[in-house]
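A quick write-up on the structure given underneath.
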Amino acid sequence: VVVGPTLLLTSSNNVGNCCSGDYITYLMTCDASNIQYTWEREFNSNLEQAYASGSGAKINERIYNYTNTLENVTYNITMKTSNGCQATYPVYATVNPLPEISVSESEVKIAAGATRTLYITDANPASGSITSLRSAIATANFNSLTNELTVNAIQVGYTELVYKTKCINNCVNEIIIPV
Numbered sequence: 743v744v745v746g747p748t749l750l751l752t753s754s755n756n757v758g759n760c761c762s763g764d765y766i767t768y769l770m771t772c773d774a775s776n777i778q779y780t781w782e783r784e785f786n787s788n789l790e791q792a793y794a795s796g797s798g799a800k801i802n803e804r805i806y807n808y809t810n811t812l813e814n815v816t817y818n819i820t821m822k823t824s825n826g827c828q829a830t831y832p833v834y835a836t837v838n839p840l841p842e843i844s845v846s847e848s849e850v851k852i853a854a855g856a857t858r859t860l861y862i863t864d865a866n867p868a869s870g871s872i873t874s875l876r877s878a879i880a881t882a883n884f885n886s887l888t889n890e891l892t893v894n895a896i897q898v899g900y901t902e903l904v905y906k907t908k909c910i911n912n913c914v915n916e917i918i919i920p921v
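Just add 742 to wherever you are in the sequence shown, counting from 1, and you've got our numbering.
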């Protein structure tokens, strides 16, 4: 009878948070040498690819969460020695959704030099910050408690709003500043 070592996963069991569309990268380490690694991501129908698996000491998976909630992911890491000793450990990650916003009006016009308050009708997640991608907007202040967006226009043009929580998404909401 051959008694092998008790295998212990020495890398963290928490990958942490990532944003939808990011890569989850995880390097497995064990307290023994010459280990064969396999992994399986548990089924989650809220992810673009509901199930995934692989082999080798590294997970490098691009992952997409198209819901408006955090999605918890569990990877089951199996380590095996050449003499048949085996152990499986769970490793956890959280995939944040990309934020999205909708402005109360489909086309927003603001005179150059004017200030206007708009209302965010669909903010996902419900709190975050909004900035402008273009110089046409001097400031775009967002109050997540009242869902008010105060926009100060400074020049002719248009802008796209960027809604940022932990993840950043360029939401296509044009604000037009006519001549």
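Cβ coordinates follow ideal geometry from the N, Cα and C atoms, glycine included.
Cα-Cα separation, residue i to residue j
i	j	result
S795	S775	22 Å
I777	C827	10 Å
G758	A829	22 Å
N786	T823	30 Å
I896	N838	Confidence is the limiting factor: at I896 the pLDDT is only 42, short of 50, which leaves the residue's position unreliable, though a coordinate-based value still follows. C-alpha separation (whole angstroms): 34 Å.
R783	C761	17 Å
Y808	G763	9 Å
L812	N802	20 Å
Buried or exposed (CB count within 10 angstroms, at least 16 for buried), residue i
i	result
P832	exposed
Y793	exposed
E790	exposed
Y817	buried
Y768	buried
Residues of its chain near residue i, where Cβ-Cβ distance is below 6 Å and the 5 sequence neighbours each way are ignored
i	result
M770	S753, Y779, A799 and I819
R804	Y765
DSSP-derived helix/strand/coil call for residue i
i	result
E790	coil
Y806	coil
L751	strand
Nonlocal neighbours in the same chain, by C-beta distance under 7 Å from residue i, ignoring five residues either side
i	result
C772	L749, L750, L751, T752 and M821
Y806	S762, G763, L789 and E790
Own chain residues within Cβ distance below 8 Å of residue i, not counting five before or after
i	result
Y834	N755, N756, V757, N814, V815, T816 and Y817
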